[in-house]
Amino acid sequence: MPFRLPIFPLSAVLFPGNPLPLHIFEPRYRRMLSDILSGDRRFGLTPVAPAADAPLVGAVGCVAEVRLNQELPDGRSNIVVIGGSRFIIAEVLDESTPYLVGRVEVFDDEPASEPPPETIESLRDLFARYAAGVRELSDSPPEEPSLPADAQNLSFHIAATIECDLGIKQRLLAGRSTAGRIHDLRLLLPLLTTAVERGLEVHRQAHSNGKGGNMPDMLASQ
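According to the working numbering, the sequence shown holds residues 1 to 222 in order.
The structure is reproduced here in structure tokens:
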């Protein structure tokens with residue numbers, strides 16, 4: 001059933017079940033935060049529409065529930081939200097609030113759209129390789145990623161974690177097939193991993209400069 005939801009257009013993609021830290025500083029969104037904290041603590045995160053002041057009807061977003069709120073002395077806030085249901089904007093409402101409000105309809109993946117277990121396991125392996133490379137690139141200690149057990153939440157978690165074009169993330173969010181999302185991630189992850197591993201080659205060389213290796217014998221030819 002459609003319902004009213006404050007809308008926050010942002011160049012970020014929130015996925016169900018995943019956290020996202022946000023910094024709230026514009027006056028209209030400070031007002032929005034104040035209003036939702038006195039209510040159900042929810043708003044909708046949607047992509048920024050190109051050359052438009054408001055998200056378009058039909059835009060796909062994700063419900064954001066405020067879990068942590070750190071109010072700063074100057075009125076700004078640092079918050080952490082958790083992704084809830086995905087939605088489509090059915091109508092942008094004409095209301096007196098300084099922020100946007102939409103009438104939205106939630107949706108979920110189609111039933112019976114899970115791939116076979118071996119496909120899911122393949123995705124886990126691909127992501128583990130990608131994540132290991134990212135951690136090494138950032139000089140973080142090795143760590144076995146903790147992944148959701150079910151296919152849908154696994155696909156959302158990986159889509160939220162990978163670093164890629166926001167347009168790709170938005171398409172992953174809007175898709176209504178768990179199997180389709182996993183298929184796309186299995187195509188995407190090797191490309192992202194290749195890019196990470198190229199960066200690692202440079203990273204390792206930089207770390208090896210001046211460290212280890214045999215010094216040439218400067219007197220050997222004298």
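Glycine residues also receive a C-beta, built at the ideal position from the N, C-alpha and C atoms.
Bear in mind that the values here come from a model prediction, so they are computed numbers and not experimental data.
DSSP-derived helix/strand/coil call for residue i
i	result
Phe15	coil
Ala132	helix
Leu20	strand
Ile162	coil
Glu71	strand
Leu100	strand
Gly175	coil
Ser122	helix
Leu147	coil
Ser140	coil
His157	helix
Ser38	coil
Arg4	strand
Leu10	coil
Arg76	coil
Gly167	helix
Gly58	coil
Ala206	helix
Ala195	helix
Leu230	Since the first and last residues shown for the chain are 1 and 222, residue 230 lies out of range.
Leu93	coil
Phe25	coil
Val48	coil
Closest residue to residue i among the options (Cα-Cα distance)
i	options	result
Thr97	Arg28, Pro2, Ala174 and Ser177	Arg28
Gly288	Tyr130, Asn153 and Pro50	Since the first residue shown for the chain is 1 and the last is 222, residue 288 is missing from the structure and cannot be characterised.
Glu136	Pro6, Ile89 and Arg198	Arg198
Leu192	Ala128, Ala206, Ala151 and Ala179	Ala128
Asp40	Val57, Gly180 and Phe3	Phe3
Ala160	Glu71, Leu126 and Leu173	Leu173
Val106	Gly84, Pro117 and Thr119	Gly84
Gly133	Leu100, Val202 and Ala149	Val202
Gly17	Pro148, Val196, Glu163 and Phe25	Pro148
Ile6	Val104, Glu26 and Phe25	Looking at the sequence shown, residue 6 is not Ile but Pro. Of the listed residues, the one whose Cα sits closest to Pro6 is Val104.
Phe25	Ser11, Leu72, Met1 and Ser38	Leu72
Ala151	Ser138, Ile120, Leu200 and Cys164	Ile120
Asp139	Pro117, Leu200, Ala12 and Arg86	Leu200
Cys164	Pro116, Val196 and Ser38	Val196
Gly180	Glu144, Ala112, Glu143 and Ala206	Ala112
Distance CB(residue i)-CB(residue j) smaller than 9 Å
i	j	result
Gly44	Cys62	yes
Pro47	Gln170	yes
Ser146	Ile182	no
Val81	Leu14	yes
Gly102	Pro55	yes
Ala64	Leu93	no
Leu185	Ile158	yes
Glu114	Thr178	yes
Ala90	Val60	no
Val66	Leu100	no
Leu123	Pro190	no
Cβ-Cβ separation, residue j to residue i (assumed contact under 8 Å), whole Å
i	j	result
Ile36	Arg42	6 Å
His23	Asn78	6 Å
Glu110	Arg176	5 Å
Ile88	Tyr130	Ile88 to Tyr130, Cβ: 30 Å. No contact.
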